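Take a look at the structure below.
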Amino acid sequence: MAGQPSRIKPPLGPDNAWWWEMAAEDKLGIQRCRGCKTLRHPPQPMCGECRSLEWDAVEASGRGTICSFTVLTHPQFPGYDYPLVIVLVDLEEGTRVTSQLVQCDPQEVDFGLPVEMVIHTDPDGFKLPVFRLTGATA
Amino acid sequence: MTFSLKDQAAIAGIGVTPFSKSSGVSELSLAAQCVVAACDDAGISPGDIDGLVSYTLDHNEEVDVARAVGARDLTFFSRVHYGGGAAVGTILQAVMAVASGQAENVVCYRAMNGRSGKRMGQGVSGQIITSSYIHYSWYMAYGMLVPGSWIAMIANKYMHEYGVTREDLGRVAISQRNYAQQNPRAYGYGKPLDMETYLASDPIASPLCLYDFCQETDGGCAILVTSADRARSLQRKPAIIRGVSQASTRGQEEMTSFYREELTSLPEMQLAGERAYAMAGLGPDDIDAACLYDAFTSEVIMQLESFGFCGPGEGKDMVRDGALDRDGRLPNNTHGGLISEAYIHGMNNIAEGVRLVRGESTGQPDKAVEHVLVSSGVGVPTGALILGRD
Chain A
1 MAGQPSRIKP PLGPDNAWWW EMAAEDKLGI QRCRGCKTLR HPPQPMCGEC
51 RSLEWDAVEA SGRGTICSFT VLTHPQFPGY DYPLVIVLVD LEEGTRVTSQ
101 LVQCDPQEVD FGLPVEMVIH TDPDGFKLPV FRLTGATA
Chain B
1 MTFSLKDQAA IAGIGVTPFS KSSGVSELSL AAQCVVAACD DAGISPGDID
51 GLVSYTLDHN EEVDVARAVG ARDLTFFSRV HYGGGAAVGT ILQAVMAVAS
101 GQAENVVCYR AMNGRSGKRM GQGVSGQIIT SSYIHYSWYM AYGMLVPGSW
151 IAMIANKYMH EYGVTREDLG RVAISQRNYA QQNPRAYGYG KPLDMETYLA
201 SDPIASPLCL YDFCQETDGG CAILVTSADR ARSLQRKPAI IRGVSQASTR
251 GQEEMTSFYR EELTSLPEMQ LAGERAYAMA GLGPDDIDAA CLYDAFTSEV
301 IMQLESFGFC GPGEGKDMVR DGALDRDGRL PNNTHGGLIS EAYIHGMNNI
351 AEGVRLVRGE STGQPDKAVE HVLVSSGVGV PTGALILGRD
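Residue numbers (UniProt numbering), protein chains in the order written: chain A, 1 to 138; chain B, 1 to 390.
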C-alpha cells in the first residue's frame, strides 16, 4: 500500500481474530461464555465469572447509546480522519465497546445519544465496526 | 526496622498446563489455566487472588491475567528481572508481600509459547502477539494512540457527571504554574499562566487542551530509601514512610479501564489510599499537603475524591475554594508538578513530598506540615505514599 497510509491494524491472535473476522463479514460480535452465558468485551480466553475456556459469539444488534466520547484533534496520525470522534457505546446487549462516531459534526456528539453500528471500509479493504447517530444517513 | 521472614509464608498450591511443542492457544490462555490450576490445588477461588508476580520476560501482563481469571482487586504486583534467575526471586517477592500484609493470595506465574512462539534461543523470531499488544490494538485500530486520548474519555464522562468545567481544570493548571514561579528548577519558572490564556489554548483531545497536559522532560530523579533508624543518624531530617501501597482494581486495563460500570472515579486510587491510610493509622484529615500525580489536570480533581478529601463530585468545589494553593486546605504540587516543573514520571513528585516534610519547598505553606500524600500514575495500576515528619 505504498503511498496510501492506513490505520494501525490489530494483531490477530487466538483471543481476538474472530472478532475482526466477524467485522470483515459486516457484523459486530460479542463474546459469550458457553458455561454461564455471560457476555464479555473486550474478548478474553477465559470467563472471569466461571473460568470456562469455552466460548462462542453472538451478533450484536448494533444499537446502543453513547456512554462517553472524546474528539481528537492532535496529534494527527496518517490513516485516520480528523477531527476524530471516539465513542464508548453501551450496547443494548449490556456490553460496552470503544469505537468511532462517523457521519456526525463533532459539535453534535453528546452523552446518551442513540447510535447504530455501520461497517466502515478502508481504501485497502480493511473493515471495522463504527457508529453513527441513529437515523443519520450517509 | 527489620523483621525475619522465617515462618511467615508457605506455598499452598501448584498448577501446570499440558506441556507440548505447540500449545495451539495464546500465552495468556496458558497463564490463565495454570493460575486457576494452582488455585484449585490449594482449594481457593481465583476470585481470592490479590497478588501476581512474574518475570520481566513474561509476555502476559498482570492485569490481563487478572481479568482473564476474574481475580479480585490486586494489591501486589511485581516483576523480577534476569531471565530464569527470576524463578526463586518471584517467590521471595510473594513471601515479603504476604509477611508484610500487602497481599493475601499471591500467585507467581510464567507462561510461554517457548517453541511455537518466541523461542528463547533465537531472539526475535517474527511478530509476537502478547496480551498487551492485543489490549492496545482495540484502541489503536480506532486511532486512540496516545495517553491524552485515553485519559480524555474518562475526564469527559467525569466532568459531565459532576458539572466540572474547563475553568476548574484551568484552576489546577494555574495553581501549579503559580508555584513554579518560586521554583527555578521548573519549566514554568518565569512563565506565568492566566485563565484567559488557558481557555484560549489549542484543543488536543476534548475536553483536554494544551495546558491540561504535563511536560516532556529530559532529566532524572532518584530517591534513597533506608531504615528509619539509619535515616535518623544521617545528615538530613528523615521523611518517614508512614504508609505505602500498590493497587489495581477489578476490570483494570492499562490506561483504558472503560468497561467498568462506573467511570467517574478512580477505584484503584481509592484502594491505594485506603491501604496507605490504614498502614499509617491516618486519615485524610491528617494530611497537610499533597503531590497528586498530574499527567493531566483532570486527574488531580478526581484524586481529591479518591483520597477522601471530599465526597464524590466535590473535587471541583475544593479547587474553586483554592484548596490547592499555598494558603489552602491541601497545598498540592508545590514545586509545579509534572505539569509545570518537569515530567520525570512522578519521581519528582516524591522528591517534593520529602521537601515539604523537611520544610524546604520553594512553595512551602506557612502552616506546619506533618504528613504529605504522594500518588503514582492515574488510569493505571497505581500506588500511594504517606510521608511523615519524624
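Quick reminder that beta carbons are idealized off the backbone N, C-alpha and C, glycines included.
Since the model is a prediction, treat every value here as computed from it, not as a measurement.
Run through DSSP, which three-state label would residue i get?
i, result
"Gly101(B)", "coil"
"Glu61(B)", "coil"
"Met117(A)", "strand"
"Gly251(B)", "coil"
"Glu25(A)", "coil"
"Ser361(B)", "coil"
"Arg326(B)", "coil"
"Arg242(B)", "strand"
"Val124(B)", "In this prediction, Val124(B) has a pLDDT of 39, which is less than 50 and means its spatial position is unreliable; what the coordinates show is noted afterwards. Val124(B): coil per DSSP, three-state reduction."
"Arg63(A)", "strand"
"Tyr55(B)", "strand"
"Arg79(B)", "strand"
"Lys37(A)", "coil"
"Gly383(B)", "strand"
"Arg166(B)", "helix"
"Leu128(A)", "strand"
"Ser96(A)", "Checking the sequence shown, residue 96(A) turns out to be Arg, not Ser. Strand at Arg96(A)."
Count the other CB atoms within 10 Å of the CB of residue i; is the residue buried (16 or more) or exposed (fewer)?
i, result
"Val16(B)", "exposed"
"Lys157(B)", "buried"
"residue 393(B)", "Any question about residue 393(B) goes unanswered here, given that chain B covers just 1 to 390."
"His81(B)", "exposed"
"Asp390(B)", "exposed"
"Met255(B)", "buried"
"Leu129(A)", "The question names Leu, but residue 129(A) is Pro in the sequence shown. Counting Cβ neighbours within 10 Å, Pro129(A) comes out buried, since at least 16 surround it."
"Glu15(A)", "Residue 15(A) is actually Asp in this sequence, not Glu. Buried, since its Cβ has 16 or more Cβ neighbours within 10 Å."
"Phe19(B)", "exposed"
"Arg236(B)", "exposed"
"Pro5(A)", "exposed"
"Lys21(B)", "exposed"
"Asp327(B)", "exposed"
"Gly283(B)", "exposed"
"Gln270(B)", "buried"
Using the C-alpha atoms, what's the distance from residue j back to residue i?
i, j, result
"Ile119(A)", "Glu167(B)", "38 Å"
"Ser298(B)", "Asn178(B)", "18 Å"
"Ile240(B)", "His371(B)", "9 Å"
"Asp122(A)", "Asp26(A)", "13 Å"
"Met318(B)", "Glu196(B)", "21 Å"
"Ala103(B)", "Leu74(B)", "8 Å"
"Thr65(A)", "Gly112(A)", "5 Å"
"Pro46(B)", "Ala247(B)", "18 Å"
"Ser23(B)", "Tyr293(B)", "42 Å"
"Ala87(B)", "Met112(B)", "14 Å"
"Asn333(B)", "Phe131(A)", "41 Å"
"Asn183(B)", "Ile339(B)", "13 Å"
"Pro203(B)", "Asp81(A)", "16 Å"
"Arg79(B)", "Asp48(B)", "20 Å"
"Lys127(A)", "Gly29(A)", "13 Å"
"Gly308(B)", "Leu266(B)", "12 Å"
"Gln8(B)", "Met159(B)", "46 Å"
"Asp56(A)", "Asp105(A)", "37 Å"
"Ala38(B)", "Phe258(B)", "30 Å"
"Trp18(A)", "Glu253(B)", "21 Å"
"Thr95(A)", "Thr134(A)", "18 Å"
"Val106(B)", "Ala66(B)", "12 Å"
"Lys316(B)", "Val380(B)", "22 Å"
"Val357(B)", "Ile151(B)", "31 Å"
"Lys9(A)", "Ala24(A)", "13 Å"
"Glu54(A)", "Tyr142(B)", "28 Å"
"Leu72(A)", "Phe296(B)", "16 Å"
Could you work out which residue in the options is closest to residue i when comparing CA atoms only?
i, options, result
"Glu59(A)", "Gly135(A), Gly13(A), Gly112(A), Leu91(A)", "Leu91(A)"
"Ala180(B)", "Ala38(B), Ser376(B), Ala31(B), Gln215(B)", "Gln215(B)"
"Leu385(B)", "Pro147(B), Gly379(B), Gly243(B)", "Gly243(B)"
"Val98(B)", "Gly117(B), Gly163(B), Val378(B), Val53(B)", "Val53(B)"
"Glu314(B)", "Gly190(B), Met302(B), Ser131(B)", "Met302(B)"
"Gly148(B)", "Trp19(A), Gln76(A), Pro10(A)", "Gln76(A)"
"Ser376(B)", "Asn349(B), Phe213(B), Thr165(B)", "Asn349(B)"
"Arg109(B)", "Leu30(B), Arg185(B), Ile129(B), Gly163(B)", "The sequence as given places Tyr at residue 109(B); Arg does not occur at that position. It is Leu30(B)."
Would you mind telling me which residues of chain A sit closer than 8 Å to residue i, beta carbon to beta carbon, in chain order?
i, result
"Ser29(B)", "Pro14, Asp15, Pro45, Met46, Leu53"
"Arg166(B)", "Simply none; closest approach about 14 Å."
Give me the chain A residues within the contact set of residue i, using Cβ-Cβ distance strictly less than 9 Å, ordered along the chain.
i, result
"Val36(B)", "Met46, Arg51"
"Lys157(B)", "Cys67, Ser68, Phe69, Leu88, Phe111"
At a CB-CB cut-off below 7 Å, which residues of chain B make contact with residue i?
i, result
"Ser61(A)", "Going along chain B, no residue has its Cβ under 7 Å from Ser61(A), so there is no contact; the nearest lies around 19 Å."
"Pro114(A)", "Residues of chain B passing the Cβ test: none, with the nearest at roughly 17 Å."
Strictly below 7 Å CB to CB, what residues from chain A border residue i?
i, result
"Ile134(B)", "Pro11, Gly13, Asp15, Asn16"
"Ala205(B)", "Thr70, Leu72"
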